[in-house]
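Inspection log for the structure reproduced underneath, given as structure tokens.
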DNA sequence: CAAAGTCCCTGGGGGC
DNA sequence: TGCCCCCAGGGACTTT
């Protein structure tokens, strides 16, 4: 599930290829993603050049020299696949025909599509950038640069957890009258942007705070632990993704998300690492979502 | 207004 | 082996 570290890892993986690349042709094979793909997406991208690739929260922002921004969310299962004309790799399990190298014209390689390849961008020189998303929880929209900050997708997002505005004082202000559990508080993108279920569980474990605690009941001391816990968990996950990036960009060209070794997430019934707890890691449901925690270490 | 619930979607895994 | 059911999750939307 792509949360901030996975999106950042994808960004770093794509950046060398995308920066300065001219878009030769765009094919929208399915427009019914989480939100409808912008109807004029192909027209506005074709002939433009990517000038920057940035991340905000879990969004990727591809800027172009036409003052447009391609805003992408990977949802649950969204991936980018990068095909290089020189590599010509193929996935024998899922692809019936070899990937077609560029050079045979826009839209070439009709037999080379994977299932769930929804948007195909042919780039110059010699690359093909494919957005693949089985569950179609992702989105792809094009906006004017000037409209970005007021767009409904971004306008209510809280600070970047690895940026200067994410402080214990900020959280204290957010949480002073908030009675919902801290698990929900940290998943709320208005308070801090980019955390999902996995990294909220991991951060609360590291900070020693039970996910059931009310936001407004956290002490200053706990908030002072929570902020660096979040920052450390994210930084380590990004570093782990980054250090394995060359493996992570597989021969097939697929940019998946790095599988991190989690302390609590998905480890119900196991002993938590470095803890002598006898209770083992518990799984509970909070507002329809699984929380994993150690009842001894997290109070 | 806050908080909790619902829905979208598909692949994968467990149970029988 | 095959089939069915449930689960995973972000975020917009609906209900309480």
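Numbering (the working numbering), first residue to last: -9 to 289.
Every residue, glycine too, gets a C-beta built ideally from N, C-alpha and C.
- Would you check if there are 3 or more beta carbon pairs closer than 8 Å linking the segment 207 to 214 to the segment 184 to 191? Here the segment 207 to 214 does not lie against the segment 184 to 191, with fewer than 3 beta-carbon pairs under 8 Å apart.
- Message: By the three-class DSSP mapping on this structure, what secondary structure does residue 273 have?
- Response: Within the first chain, residue 273 is the residue found at index 283, counting from 1. Residue 273 carries a strand assignment under DSSP once its states are collapsed to helix, strand and coil.
- Under 8 Å, do residue 149 and residue 183 count as touching if we go by C-beta distance? What you label residue 149 is simply residue 159 of the first chain in a count that begins at 1. What you label residue 183 is simply residue 193 of the first chain in a count that begins at 1. Yes.
- Below 8 Å on the Cβ atoms is my guess for residue 64 versus residue 3; work out the distance and round it to an integer in Å. Indexing the first chain from 1 puts residue 64 at position 74. Indexing the first chain from 1 puts residue 3 at position 13. Not a contact, Cβ separation roughly 13 Å.
- Task: Under 7 Å Cβ to Cβ from residue 269, same chain only, skipping five residues before and after it: list those, please.
- Result: Counting from 1 along the first chain, the entry for residue 269 is found at position 279. Taking residue 269 as the centre and dropping the five residues before and after it, the same chain places the C-beta of 285 and 286 closer than 7 Å to its C-beta, in chain order.
- Item | Given residue 159 as reference, the closest of 172, 200, 216 and 133 once Cα atoms are compared | Looking up residue 159 in the first chain gives position 169. The candidate whose alpha carbon is nearest that of residue 159 is 216.
- Task: Put residue 62 into one of helix, strand or coil per three-state DSSP.
- Result: Residue numbering aside, residue 62 sits at position 72 when the first chain is read from its first letter. Three-state DSSP puts residue 62 in a strand.
- Residues sharing a beta bridge with residue 187, DSSP: Position 197 of the first chain, counted from the start, is the residue given in the question as residue 187. None; residue 187 has no bridge partner.
- For residue 200, count neighbouring C-beta atoms within 10 Å of its own C-beta (all shown protein chains included) and say buried if the count is 16 or more, exposed if not. Here residue 200 is taken as the residue at index 210 of the first chain, counted from 1. Flag for residue 200 reads buried.
- Message: Taking the straight line between their C-alpha atoms, what separation do you get for residue 254 and residue 192?
- Response: As a position in the first chain, residue 254 is number 264, starting the count at 1. As a position in the first chain, residue 192 is number 202, starting the count at 1. Answer to the nearest angstrom: the Cα atoms are 6 Å apart.
- Quick one: Cα of residue 281 to Cα of residue 14, how far? Taking the first chain and counting its residues from 1, one reaches residue 281 at position 291. Taking the first chain and counting its residues from 1, one reaches residue 14 at position 24. Approximately 45 Å between the Cα atoms of the pair.
- Message: Can you tell me where the alpha helix (DSSP H) holding residue 172 begins and where it ends?
- Response: The residue given as residue 172 occupies position 182 in the first chain. Here the alpha helix (DSSP H) through residue 172 covers 172 to 177.
- Query: To which residues of the same chain is residue 41 closer than 8 Å at the C-beta, ignoring the five residues directly before and after it?
  - Reply: What you label residue 41 is simply residue 51 of the first chain in a count that begins at 1. The beta carbon of residue 41 sits closer than 8 Å to those of 9, 10, 53, 54 and 55, all from its chain and outside the five residues before and after it, given in chain order.
- Item | CB contact flag (residue 58, residue 24, <8 Å) | Numbered from its first residue, the first chain carries residue 58 at position 68. Numbered from its first residue, the first chain carries residue 24 at position 34. Against a cut-off of 8 Å, the Cβ pair of residue 24 and residue 58 comes out as no contact.
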